[in-house]
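2 protein chains.
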Amino acid sequence: MSIQTRRERERAERERLIVTAARELAEAEGWDAVTTRRLAAEIEYSQPVLYSHFKGKGAIMAAVAVQGCADLAQEMRTARTAVKGTRKALAAVGEAYTTFGRRRPALYDAMFTHAVDLPFATPDAPAALQEAFGELVRAVEPIAAPGDDVGLLTETYWAGLHGLVTLVRSGRLPEEAHEQRLALLIGHFTAGMGAGAEAD
Amino acid sequence: MSIQTRRERERAERERLIVTAARELAEAEGWDAVTTRRLAAEIEYSQPVLYSHFKGKGAIMAAVAVQGCADLAQEMRTARTAVKGTRKALAAVGEAYTTFGRRRPALYDAMFTHAVDLPFATPDAPAALQEAFGELVRAVEPIAAPGDDVGLLTETYWAGLHGLVTLVRSGRLPEEAHEQRLALLIGHFTAGMGAGAEAD
DNA sequence: ACAGATTGGCTAGCGCTGCTAGAATTCCCG
DNA sequence: CGGGAATTCTAGCAGCGCTAGCCAATCTGT
Numbered sequence: 009m010s011i012q013t014r015r016e017r018e019r020a021e022r023e024r025l026i027v028t029a030a031r032e033l034a035e036a037e038g039w040d041a042v043t044t045r046r047l048a049a050e051i052e053y054s055q056p057v058l059y060s061h062f063k064g065k066g067a068i069m070a071a072v073a074v075q076g077c078a079d080l081a082q083e084m085r086t087a088r089t090a091v092k093g094t095r096k097a098l099a100a101v102g103e104a105y106t107t108f109g110r111r112r113p114a115l116y117d118a119m120f121t122h123a124v125d126l127p128f129a130t131p132d133a134p135a136a137l138q139e140a141f142g143e144l145v146r147a148v149e150p151i152a153a154p155g156d157d158v159g160l161l162t163e164t165y166w167a168g169l170h171g172l173v174t175l176v177r178s179g180r181l182p183e184e185a186h187e188q189r190l191a192l193l194i195g196h197f198t199a200g201m202g203a204g205a206e207a208d
Numbered sequence: 009m010s011i012q013t014r015r016e017r018e019r020a021e022r023e024r025l026i027v028t029a030a031r032e033l034a035e036a037e038g039w040d041a042v043t044t045r046r047l048a049a050e051i052e053y054s055q056p057v058l059y060s061h062f063k064g065k066g067a068i069m070a071a072v073a074v075q076g077c078a079d080l081a082q083e084m085r086t087a088r089t090a091v092k093g094t095r096k097a098l099a100a101v102g103e104a105y106t107t108f109g110r111r112r113p114a115l116y117d118a119m120f121t122h123a124v125d126l127p128f129a130t131p132d133a134p135a136a137l138q139e140a141f142g143e144l145v146r147a148v149e150p151i152a153a154p155g156d157d158v159g160l161l162t163e164t165y166w167a168g169l170h171g172l173v174t175l176v177r178s179g180r181l182p183e184e185a186h187e188q189r190l191a192l193l194i195g196h197f198t199a200g201m202g203a204g205a206e207a208d
């Protein structure tokens with residue numbers, strides 16, 4: 009039994025190594041540079057080893073994406089709990105989200121841009137995904153009007169943030185006015201709130 | 009001179025043929041199916057002919073994207089002028105935009121998702137791009153508050169629409185509640201308007 | 001402790017991609 | 001009708017994701 013567990017442990021560690029190498033390579037040189045040959049060289053094994061861990065390159069990217077979601081969730085939580093007030097919390101989370109997307113573009117692409125067959129909006133989505141979405145929900149929920157569906161409202165806010173990130177990153181929108189656009193988005197989502205709800 | 013012009017005319021026609029074939033193939037089977045070999049077979053020429061017209065596959069996709077922008081601009085204009093009232097106009101354009109994105113996903117990807125080196129937010133952007141954005145501006149401008157920068161507000165609205173389209177299309181958001189999310193987005197963008205501005 | 005079974009990794013290769021050099025053909029003009 | 005220019009095609013390069021089949025190291029049963 010000890011031998012079995014040791015092997016499983018080593019195998020799990022190698023799997024972690026693959027995912028880490030893929031993420032680092034992608035963040036350093038973009039996903040185009042992440043080829044199975046290059047990745048195999050990076051982990052100092054031959055190509056077929058990758059396929060004994062993952063079904064293919066897409067599955068490796070999916071694993072990186074899940075890891076990235078955990079990172080994003082943590083950054084959003086930190087941002088949200090660092091400020092006081094519902095309006096500020098929504099802004100902080102929005103800021104954290106877009107900053108993440110612009111600071112770690114390759115990771116962001118794996119998570120939200122590239123086609124990747126992960127279950128997303130279902131109960132059997134990976135925990136990290138649900139955590140990240142949950143952070144958004146916690147920020148949006150306080151600004152929802154009485155009759156609003158919080159889930160749908162969160163998804164809509166998410167879409168706004170995602171649009172800003174992707175359009176800026178792909179050069180469709182100039183980078184410089186990003187903060188102003190983000191402020192506009194947040195402003196419109198908090199416009200319906202009661203005026204005296206908080207002391208700014 | 010007559011011969012020269014005839015050749016140029018034939019050449020221009022073949023270029024149109026390439027772009028059309030690329031668009032149709034992409035819309036029928038996705039961009040992965042649009043290989044240079046396949047495209048060459050489709051137009052009944054050999055591969056290198058493509059490279060005498062375009063710098064590479066990316067340039068062909070860019071040409072398709074520009075053509076798509078013209079289509080989108082027209083559909084948005086039709087939608088906008090078909091209704092009366094600023095709020096309804098904004099909704100109609102948003103609806104037209106997202107419908108376009110979901111009805112012609114391959115075209116939409118070439119325009120707004122895939123990396124393509126087209127000048128976007130500059131004066132030397134292709135006319136079709138500026139037209140499409142101009143249609144958005146015309147719909148957003150009436151709902152802008154006095155101090156607002158209309159351009160930035162339009163970009164923000166665009167980002168919201170783009171986020172909705174891409175997240176739904178990639179399976180990150182369930183398709184069914186799309187209309188409700190769109191209504192939420194539009195609602196928040198028109199929330200600041202004076203109540204009696206129009207008769208619904 | 002040793003023979004046989006099993007696991008696991010590697011070499012080599014398939015079919016495909018975007019793209020291009022150089023041969024071959026076609027066309028125009030004198 | 002022949003020479004020169006423009007144009008198109010054949011053939012191939014390097015690299016991609018992925019996999020079949022061999023080979024060595026390891027574990028198991030006696």
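From first to last, the protein sequence lines are chains F and P.
Position one of the first sequence corresponds to residue 9 (the working numbering), numbered consecutively onward.
Position one of the second sequence corresponds to residue 9 (the working numbering), numbered consecutively onward.
Where is the CB? At the ideal position from N, CA and C, for every residue including glycine.
Reference residue i; option with closest CA among the options
i: residue 143 of chain P; options: P:177, P:126, P:104 and P:110; result: P:104
i: residue 194 of chain P; options: P:164, P:174, P:98 and P:185; result: P:98
i: residue 159 of chain F; options: F:169, F:168 and F:148; result: F:148
i: residue 110 of chain F; options: F:124, F:15, F:96 and F:184; result: F:184
i: residue 222 of chain F; options: F:64, F:66, F:42 and F:22; result: There is simply no residue 222 of chain F to check, as chain F begins at 9 and stops at 208 in what is shown.
i: residue 1 of chain P; options: P:157, P:117, P:96 and P:152; result: The structure shown does not extend to residue 1 of chain P, since chain P is modelled only from 9 through 208, so no value can be given for it.
i: residue 39 of chain F; options: F:182, F:157 and F:122; result: F:122
i: residue 131 of chain P; options: F:180, F:91 and F:15; result: F:180
i: residue 156 of chain P; options: P:182, P:141, P:197 and P:120; result: P:197
i: residue 163 of chain F; options: P:164, P:163 and P:182; result: P:182
i: residue 126 of chain P; options: P:56, P:57 and P:69; result: P:69
i: residue 141 of chain F; options: F:76, F:94 and F:56; result: F:76
i: residue 199 of chain F; options: F:94, F:56 and F:29; result: F:94
Residue i versus residue j - alpha carbon distance
i: residue 154 of chain P; j: residue 161 of chain P; result: 12 Å
i: residue 176 of chain F; j: residue 108 of chain F; result: 13 Å
i: residue 13 of chain F; j: residue 178 of chain P; result: 39 Å
i: residue 188 of chain F; j: residue 145 of chain P; result: 17 Å
i: residue 150 of chain F; j: residue 84 of chain F; result: 16 Å
i: residue 48 of chain P; j: residue 169 of chain P; result: 35 Å
i: residue 166 of chain F; j: residue 20 of chain F; result: 34 Å
i: residue 64 of chain F; j: residue 51 of chain F; result: 16 Å
i: residue 89 of chain F; j: residue 35 of chain F; result: 28 Å
i: residue 100 of chain F; j: residue 190 of chain F; result: 11 Å
i: residue 60 of chain F; j: residue 67 of chain F; result: 12 Å
i: residue 152 of chain F; j: residue 55 of chain P; result: 56 Å
i: residue 91 of chain F; j: residue 29 of chain P; result: 54 Å
i: residue 133 of chain F; j: residue 133 of chain P; result: 41 Å
i: residue 17 of chain P; j: residue 120 of chain P; result: 31 Å
i: residue 186 of chain F; j: residue 192 of chain F; result: 10 Å
i: residue 96 of chain P; j: residue 112 of chain P; result: 24 Å
i: residue 41 of chain P; j: residue 15 of chain P; result: 31 Å
i: residue 71 of chain F; j: residue 115 of chain F; result: 11 Å
Distance between beta carbons of residue j and residue i, contact taken as under 8 Å
i: residue 81 of chain F; j: residue 136 of chain F; result: 7 Å
i: residue 37 of chain F; j: residue 78 of chain F; result: Actually they are not in contact, since the Cβ atoms of residue 37 of chain F and residue 78 of chain F sit about 23 Å apart, beyond 8 Å.
i: residue 209 of chain P; j: residue 173 of chain P; result: The shown model of chain P, from 9 to 208, leaves out residue 209 of chain P, and the question about it has no answer.
i: residue 73 of chain F; j: residue 27 of chain F; result: About 10 Å separates the two Cβ atoms, so there is no contact after all.
i: residue 33 of chain F; j: residue 46 of chain F; result: 7 Å
i: residue 58 of chain P; j: residue 44 of chain P; result: 6 Å
i: residue 171 of chain P; j: residue 171 of chain F; result: 3 Å
Any non-hydrogen atom of the ligand NAP within 6 Å of residue i CB
i: residue 52 of chain P; result: No copy of the ligand NAP occurs in the structure displayed, which carries no ligand at all.
Using Cβ-Cβ distances below 7 Å, what residues of the region 176-198 of chain F are close to chain P? The region 176-198 of chain F vs chain P, Cβ under 7 Å: 178, 179, 180, 181, 182, 185, 188, 189, 192, 193, 196 and 197.
Members of the region 83-113 of chain P near chain F, C-beta cut-off 8 Å: Correct list: empty, as no residue qualifies.
Please identify, using Cβ separations under 8 Å, the residues of the region 165-176 of chain P that lie next to chain F, in order along the chain. Taking 8 Å as the Cβ-Cβ cut-off against chain F, the residues of the region 165-176 of chain P that qualify are 166, 167, 168, 169, 170, 171, 172, 174 and 175.
Please list, in chain order, the residues of the region 15-46 of chain P that have any C-beta partner in chain F closer than 7 Å. Listed by position, the residues of the region 15-46 of chain P near chain F (Cβ gap below 7 Å) amount to none.
Going along the region 112-130 of chain F in order, which residues come within less than 7 Å of chain P, judged by CB to CB distance? Correct list: 120, 123, 128 and 129.
Pull out every residue of the region 137-153 of chain F whose Cβ sits closer than 7 Å to any Cβ of chain P, in chain order. Close to chain P, meaning a Cβ-Cβ distance shorter than 7 Å, is no residue of the region 137-153 of chain F at all.
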